[in-house]
Amino acid sequence: MTPPVRVRFAPSPTGHLHVGGARTALFNWLFARHHGGAYILRIEDTDRSRSTEENIDSIVDALRWLGLDWEEGPPTAGYRQTERFDLYREHASRLVAAGRAYYCDCPPALLDEQRKAAEARKETFRYSGRCRERGLTAGALRLRVPDEGTTVVNDLIHGAVTFDHRQLDDWILVRSDGTPTYNFCVVVDDVTMRITHVIRGNDHLSNTPKQILCYEALDYSVPEFAHMAMILGPDRSRLSKRHGATSVQAFRDAGIPADAMVNYLARLGWSHGDQEVFSRAELVELFDIKAVGASGAIFDHTKLEWLSHQYIKTMPAAPLAALVIPFIERAGLAVPSDRSRLAGMLDTLRERAKTLVELVEVGRFYFERPRQYEAKAAAELFTGAGPARLARLVTALEAVPEWTAPALEGVFRVLTEALGLKLVDLAQLTRLAVTGRTASPPIFDVLALLGREETLARLGAVPAAGAST
RNA sequence: GGCCCCAUCGUCUAGAGGCCCAGGACACGGCCCUCUCAAGGCUGAAACACGGGUUCGAAUCCCGUUGGGGCCA
Numbered sequence: 407m408t409p410p411v412r413v414r415f416a417p418s419p420t421g422h423l424h425v426g427g428a429r430t431a432l433f434n435w436l437f438a439r440h441h442g443g444a445y446i447l448r449i450e451d452t453d454r455s456r457s458t459e460e461n462i463d464s465i466v467d468a469l470r471w472l473g474l475d476w477e478e479g480p481p482t483a484g485y486r487q488t489e490r491f492d493l494y495r496e497h498a499s500r501l502v503a504a505g506r507a508y509y510c511d512c513p514p515a516l517l518d519e520q521r522k523a524a525e526a527r528k529e530t531f532r533y534s535g536r537c538r539e540r541g542l543t544a545g546a547l548r549l550r551v552p553d554e555g556t557t558v559v560n561d562l563i564h565g566a567v568t569f570d571h572r573q574l575d576d577w578i579l580v581r582s583d584g585t586p587t588y589n590f591c592v593v594v595d596d597v598t599m600r601i602t603h604v605i606r607g608n609d610h611l612s613n614t615p616k617q618i619l620c621y622e623a624l625d626y627s628v629p630e631f632a633h634m635a636m637i638l639g640p641d642r643s644r645l646s647k648r649h650g651a652t653s654v655q656a657f658r659d660a661g662i663p664a665d666a667m668v669n670y671l672a673r674l675g676w677s678h679g680d681q682e683v684f685s686r687a688e689l690v691e692l693f694d695i696k697a698v699g700a701s702g703a704i705f706d707h708t709k710l711e712w713l714s715h716q717y718i719k720t721m722p723a724a725p726l727a728a729l730v731i732p733f734i735e736r737a738g739l740a741v742p743s744d745r746s747r748l749a750g751m752l753d754t755l756r757e758r759a760k761t762l763v764e765l766v767e768v769g770r771f772y773f774e775r776p777r778q779y780e781a782k783a784a785a786e787l788f789t790g791a792g793p794a795r796l797a798r799l800v801t802a803l804e805a806v807p808e809w810t811a812p813a814l815e816g817v818f819r820v821l822t823e824a825l826g827l828k829l830v831d832l833a834q835l836t837r838l839a840v841t842g843r844t845a846s847p848p849i850f851d852v853l854a855l856l857g858r859e860e861t862l863a864r865l866g867a868v869p870a871a872g873a874s875t
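Heads up, our numbering is the position in the first sequence plus 406, with the first residue counted as 1.
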């Protein structure tokens, strides 16, 4: 029997969760869910100078928003590296006792000198091994690495990657000041948390042979590894702040639905035939770590927005309303109390917006009367025959027996005919008067949703020719 | 600098020797639909980095070059 799958996402709380980290988290989560395993969140906060509580909260908040729930991790104690120093110490002692690690007191100056010499010879710097057999009992703790041979990383994405021991050296597990190094903490954490699959960024592939040697020295079995390519900026360099918004909450604030974000991130480096849109259940069912690509992918905002649009367009009314309401409020607008009316409004808006922010913007006129009118259009439509046509319209609308979109359309068509105009003439005039704009959802739907009273009020509030901005 | 990874349309990718003079999606152009804007439908342009092999046959396998990225410093 293979042991149950246990994976982890281990961010450093030195900033917000960015999209690269979010994708790593997502792939781990999908892998766990697909295999019915456990997903663990671990906070790698050994860099105390840059780790903050705010950042931990922010990362947790971002993961929750994305819906990547974990079985083990904060707020439960014991999932932060700063709470685990006893474990690191304990494992260090074990390595010393077993003779697999030794203390070293080489002064930094000497090491620097050797490093420079190696560089001059165009060779990889390797620790000389000066302290290997000196039997010291204090100093920096180094792992004994064989001089000869190779270590092979059997990577689920890259296949077998071989590292020559001559390129590795007796790396430091614990610094002379007693603090454990990153690679050592990771190994101890992963073994003590019984992690079966380490799924992480490509940037750790080069560290992996060192870690494998450490697992072996500790006499632990080595987990499976999968190193995924990183997310790149448009210039193909590693995605960073200078490429614009990269934090997960920036996308939430921009009105991207979490499901769309997840869908986009999943498709970045992974695919399933020609399918582009995946429900979460489909993602869990179809995800296969072996189908993850080995090459880096550029983060494409445009495609993310397209996916966001797909979700907004097809989502059922109630969840869409739940997502939109905070954005209506944030814009300082009034949320219609009648939920079915709101749903009707959203139905006319959803295919016109790529984000929730945009949706509120294009539907602004539903939530408040136009405060201004598009100047160029107003100058053309509210002059000449405009006012007279509006008056005729008001009269006709006052008499409409049934205030529905089809009935309204009928009235418009009859009046259009009578005035010898085209439908577009009256439609645009009305649109501008009612929404302040020349583009909106179908005007009859808009009027129906606004209601007779509000429509007539807006038609009557049109400014005198030339008085608009 | 040493080592490691990567390389199909502008972008995300399909492709695991013949199904490919390379398919889908985003973005872009055109046409249609149409009360505006969208959405939708149809359609167009657009790629196997380069050079050697292996093979009857290579985007697919091997080697090298170039380019990009990463790790160590």
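Where is the CB? At the ideal position from N, CA and C, for every residue including glycine.
Here the structure is a predicted model, which means the values were calculated and not measured.
The beta-bridge partner set that DSSP reports for E630 consists of H603. Rounded to whole angstroms, the gap between the alpha carbons of M721 and D641 is 34 Å. Bridge partners of L432 according to DSSP: none are assigned.
For R548, the enclosing beta strand (DSSP E) starts and ends at 546–549.
Partner residues in the beta bridge of F569, as assigned by DSSP, are T557. Sixteen is the threshold: since fewer than 16 other Cβ atoms of the shown chains lie within 10 Å of the Cβ of V683, the residue is exposed. Judged by their CB atoms, P481 and I449 are not nearer to each other than the 7 Å cut-off. In the structure shown, I695 adopts helical secondary structure according to DSSP, grouped into three states. For Y509, the secondary structure class from DSSP, reduced to helix, strand or coil, is strand. Here Q573 has T530 as same chain residues with Cβ atoms under 7 Å from its own Cβ, once five neighbours each way along the sequence are excluded. Here G555 is exposed. Its C-beta has fewer than 16 other C-beta atoms within 10 Å. Here V654 carries a helix assignment [DSSP, helix/strand/coil].
Put simply, the backbone Cα of D665 is about 34 Å away from that of V840.
By the beta-carbon neighbour count (other beta carbons within 10 angstroms, threshold 16), R470 is exposed. Between T761 and H424, the C-beta spacing is not below 7 Å. Where F818 is concerned, the enclosing alpha helix (DSSP H) starts and stops at 811–825. Here the alpha carbon of Y621 sits roughly 10 Å from the alpha carbon of F590. Around G639, the same chain offers L645, S646, R648, H649, I704, F705 as residues with beta carbons nearer than 8 Å, after the five sequence neighbours per side are excluded.
Under the criterion of beta carbons closer than 8 Å, A468 and L547 do not qualify as touching, at roughly 36 Å. Counting the other CB atoms within 10 Å of its CB gives E774 a total below 16, which places it among the exposed residues. Counting only the Cα atoms, Q617 lies some 19 Å from G535.
Straight across, the Cα-Cα distance linking T861 with A749 is about 19 Å. Here the alpha carbons of L799 and L821 stand approximately 8 Å from one another.
In this structure, the alpha-carbon of D511 lies about 44 Å from that of V654. By the CB criterion at 7 Å, P615 and F569 fall inside the cutoff. For R414, the secondary structure class from DSSP, reduced to helix, strand or coil, is strand. Within the DSSP secondary-structure output, A703 pairs in a beta bridge with I637. With contacts defined as CB atoms closer than 7 Å, R412 and G442 fail to qualify as a contacting pair. Here V698 is near G675, since their CB atoms are less than 7 Å apart. For P586, DSSP records a beta bridge to V580. Ranked by Cα distance from R745, the first of A728, V558, I637 is A728.
A contact between stretches requires three or more CB pairs, one per stretch, nearer than 8 Å, and the region 627–636 fails this requirement with the region 510–526. Remark: three or more beta-carbon pairs, one from each stretch, lie closer than 8 Å, so the region 844–859 and the region 806–823 are flagged as touching. The count of Cβ pairs closer than 8 Å, one atom from the region 513–529 and one from the region 453–468, stays below three, leaving the stretches out of contact.
For the pair F415 and L447, the CB atoms are nearer than the 7 Å cut-off. Looking from the CA of L517, the closest CA among P847, K719, C537, A797 belongs to C537.
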